[in-house]
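Participant:
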Amino acid sequence: MVEVAAERGKRSSSRTSEEGAGWRCQQIGSYKGLRPNTDTFSWFHPRTLWRSRNEILAGLFGDPSGEVRRRWVEAQRARGVDGDFRIRPGVGKSFSFLLLGDPGEGDDSQYAVVPGMLHVGADTSFAVIASDVVYPTGAGNEYCDKFFRPYKDYQAPVYAIPGNHDWYDGLGGFMRVFCDAPPLKPRPDRGLRALLWRKSERIDEQALAEARKLRGAPSQQAVQPAPYWAIESESLLIVGVDTGIKGAIDAEQTAWLRRTSLDPRPKILITGKPIYTRDVHKPSALEGGGTIDDIVRDPAHRYVAAIGGDVHNYQRYPVRVGDRVIQYIVSGGAGAFMHATHTIGRVGVAGVHEDDFKCYPLRGDSLSFYSQLYAKRLRMRWLFLTPAEAACIMADRIKNTPVRQIDPAVTITRRMRWAARVLGAWPMPFRLPVGSVFHRYLSELSDWDTPPFFKSFLHLEVTPSQLTIRCFAATGCLPQELDPPLEDEVSISLL
């Protein structure tokens, strides 16, 4: 079934046509009927910024995630969970699962992913959420419409690793929902960080019990042992690590990761922070020295891929390490606001050739997307770039082999070049915000609830000899709900 969907998806993706990217959407998808209300939050509102203050406080006064994580793990061990934090879903040698990165804004762009995910994932054994289950602060009282309701029709278990936003609640909501853990006992703390730090909010247990009924079928039930874990199968070990707010992991989790990585089976790593993103290597520090990537690269550990959320798009870097290739993947496009890809320069990190690098949305579509947004919001018509114009500019800028055929009728003008520069296609002192600043402070400028959404999710198929990773798109258009476009596919030997 997935193979048939993949073949159809290849023919209808953004890599073949503008229609495949969702630019000429004539029928809005069914996702509109899934969303229960129009309630959402605004990154522009002072209350949201204040609730999200732990990110800034962690940078100023140090990240306490490691200490708090140790307390959660100690409490879980006292409750009698498996000390090795293994999850045994009972799959055979061959199985498949879904991966959703950074889904939980509870708006149209999250719900737009659901129909295609259900279609492609109908026969999967489980799903994994990689980072930021619930925005903006991971609060337990927001899980109903941002987790239980959108995935109520997915009939298999869902596991998760937390992202930085889940930690803004001290991991209280995450641990209650995924680990069935009671709140931690308060511990006295001193200093300015303790005074300003946002604590976990009290969860309405009755409301949570009602929300759980949305995913109340026996086949949907799962309780994971901790915020980090290893999912076992005969063919592959799936290792999930918790990178807290700032991307580092504590000594106890480090020891667990080193011990778990000695398992002789081939492995993939799932992490809250990608190791390669935007043509930059970000290996994530281990308490006591070394990095997560050191563990991934060690040939004795047999990692074949490392997948991280946090960045809201799709990127893949095939990195040669010795005599093998490790696939480093960013997959954070399952619902949250889109981060630009047109600001990524010509790729060359770790020897990866530009033409071997894959991303979604395509750089041209990303540039056109932001140009249309700002042209409308700022009433500056000269910023508007059509998808064909943007694709032509990015091919000229990156000097790559165009992914989608360039329109020979397009001539690049001075106006088009200046628009692209202002929108960040070239490094320059002044440009309109299109990256993390936009996401954190200015996304209120756009009520981005119409296609194309450029959202994505992964389908991973495992056999004793091979792992196949497919990136499917969600544009918000009805035809592409029925046949989700396949934007990337890679097969990896497990022998």
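Per UniProt numbering, the sequence shown starts with residue 1, numbered consecutively. Glycine included, C-beta positions come from ideal geometry on N, C-alpha and C. Please read all numbers here as calculations on a predicted model, not as lab measurements.
#1: Where does HIS312 sit, in a helix, a strand or coil, going by DSSP?
#2: For chain B, is any of its Cβ atoms less than 8 Å away from the one on GLY101?
#3: Look up LEU445 in the DSSP assignment and say whether it is helix, strand or coil.
#4: Give, in chain order, every unbroken run of the beta strand (DSSP E) that is at least 3 residues long and sits entirely within the stretch 206 to 234.
#5: Is it true that the CB of ASN400 sits closer than 8 Å to the CB of ARG316?
#6: How long is the line joining the alpha carbons of SER446 and TYR374, rounded to whole angstroms?
#7: Taking contact to mean at least 3 C-beta pairs separated by less than 8 Å, is the stretch 387 to 406 in contact with the stretch 352 to 360?
#8: Measure how close the beta-carbons of CYS471 and GLU487 come, nearest whole angstrom, since I'm counting them as under 8 Å.
#9: Taking only the alpha-carbon atoms, compute the straight-line gap between ARG202 and PHE148 and give it to the nearest angstrom.
#10: Please report the residue range of the beta strand (DSSP E) in which GLN466 lies.
#11: Considering ALA390, what are the terminal residues of the beta strand (DSSP E) in which it resides?
#12: Hey, could you find the ends of the beta strand (DSSP E) residue 544 is sitting in?
#13: Start and end of the alpha helix (DSSP H) containing LYS93?
#14: How far does the alpha helix (DSSP H) with PHE369 in it extend, from its first residue to its last?
#15: Going along the chain, which residues of its own chain have a beta-carbon closer than 8 Å to the beta-carbon of GLN27, five neighbours each way excluded?
#16: Which residue from ARG24, THR386, LYS358 puts its Cα closest to that of TYR370?
#17: By how many angstroms is the C-alpha of VAL422 removed from the C-alpha of PRO182?
#18: Classify HIS439 as helix, strand or coil using the three-state DSSP reduction.
#19: Could you check if TRP382 is buried or exposed, using at least 16 other CB atoms within 10 Å of its CB as the buried criterion?
#20: Which parts of the stretch 99 to 143 are runs of the alpha helix (DSSP H), unbroken and 4 residues or longer, counting only runs that do not cross its ends?
#21: Go to GLY179, then tell me how far its alpha helix (DSSP H) extends in each direction, as first and last residue.
#22: Do the stretch 126 to 133 and the stretch 86 to 103 touch if we need at least three Cβ pairs shorter than 8 Å?
#23: Once you ignore the five residues that flank GLY170 on each side, which residues in its own chain have a CB closer than 7 Å to its CB?
#24: Only counting the same chain, and skipping five residues up and downstream in sequence, which positions put a Cβ closer than 6 Å to that of ALA230?
#25: Under a three-way DSSP split, which group does GLN327 fall into?
#26: Which of helix, strand or coil does DSSP assign to VAL410?
#27: Using a threshold of 8 Å, state whether the C-beta atoms of GLU287 and ALA340 are closer than that.
#28: Kindly indicate which three-state DSSP category ARG431 falls into: helix, strand or coil?
#29: Under DSSP, the beta strand (DSSP E) around GLU461 begins and ends at which residues?
#30: If I follow the unbroken beta strand (DSSP E) through VAL68, where does it start and stop?
#31: What whole-angstrom Cβ distance do ASP242 and ILE161 have, given they're in contact under 8 Å?
#32: Does the count of Cβ pairs from the stretch 133 to 151 and the stretch 72 to 84 closer than 8 Å reach three?
#33: Which residues in the same chain have their Cβ closer than 6 Å to the Cβ of SER13, if we skip the five residues on either side of it in sequence?
#34: So, with DSSP's three-state summary, where would you put LEU184?
#35: Name the DSSP beta bridge partners of LYS10, please?
#36: Tell me whether GLU287 sits in a helix, a strand or coil according to DSSP, three-state version.
Facilitator: Taking the geometry as given:
#1: coil
#2: Included in the structure is just one protein chain, with no chain B present.
#3: Here the model assigns LEU445 a pLDDT of 47, short of 50, so the residue's position is not dependable, and the following value carries that caveat. Helix.
#4: Complete beta strand (DSSP E) runs here, min 3: 229 to 232.
#5: no
#6: Confidence is the limiting factor: at SER446 the pLDDT is only 47, short of 50, which leaves the residue's position unreliable, though a coordinate-based value still follows. For SER446 and TYR374, the distance between alpha carbons rounds to 9 Å.
#7: yes
#8: With 8 Å as the limit, CYS471 and GLU487 qualify as a contact, their Cβ atoms being about 5 Å apart.
#9: When the Cα atoms are used, ARG202 and PHE148 turn out to be separated by approximately 19 Å.
#10: 466 to 474
#11: From DSSP, ALA390 is part of no beta strand (DSSP E) but of the alpha helix (DSSP H) over 387 to 398.
#12: As displayed, the chain neither begins before 1 nor continues past 495, which places residue 544 out of reach and without an answer.
#13: No alpha helix (DSSP H) holds LYS93; DSSP gives it neither H nor E.
#14: Looking at the DSSP string, the run of the alpha helix (DSSP H) that includes PHE369 is 363 to 377.
#15: Counting only Cβ-Cβ distances below 8 Å, and skipping sequence neighbours, we find CYS477, LEU478, PRO479.
#16: THR386
#17: 50 Å
#18: Its pLDDT being 46, under 50, HIS439 is placed unreliably in this model, and the coordinates cannot settle the point.
#19: exposed
#20: The alpha helix (DSSP H) runs of length 4 or more contained entirely in the stretch 99 to 143 are, from start to end of the chain, 108 to 111, 114 to 120.
#21: Correcting the residue type first, residue 179 is Cys in the shown sequence and not Gly. 172 to 179 is the span of the alpha helix (DSSP H), which, as asked, contains CYS179.
#22: The stretch 126 to 133 and the stretch 86 to 103 touch, with no fewer than 3 CB-CB distances between them shorter than 8 Å.
#23: Counting only Cβ-Cβ distances below 7 Å, and skipping sequence neighbours, we find VAL68, LYS199, SER200.
#24: So the list reads ARG86, LEU237, VAL239, THR260, once near-sequence residues are dropped.
#25: Of the three classes helix, strand and coil, the one that applies to GLN327 here is strand, per DSSP.
#26: In the structure shown, VAL410 adopts coil according to DSSP, grouped into three states.
#27: no
#28: Coil.
#29: 455 to 462
#30: Where VAL68 is concerned, there is no enclosing beta strand (DSSP E), although the alpha helix (DSSP H) it sits in stretches over 65 to 78.
#31: Indeed they touch by this definition, with Cβ atoms about 6 Å apart.
#32: Judged by Cβ distances under 8 Å, the stretch 133 to 151 makes no contact with the stretch 72 to 84, as fewer than three pairs qualify.
#33: GLY20, PRO485, LEU486, GLU487
#34: coil
#35: Partner(s): none; LYS10 has no beta bridge.
#36: coil
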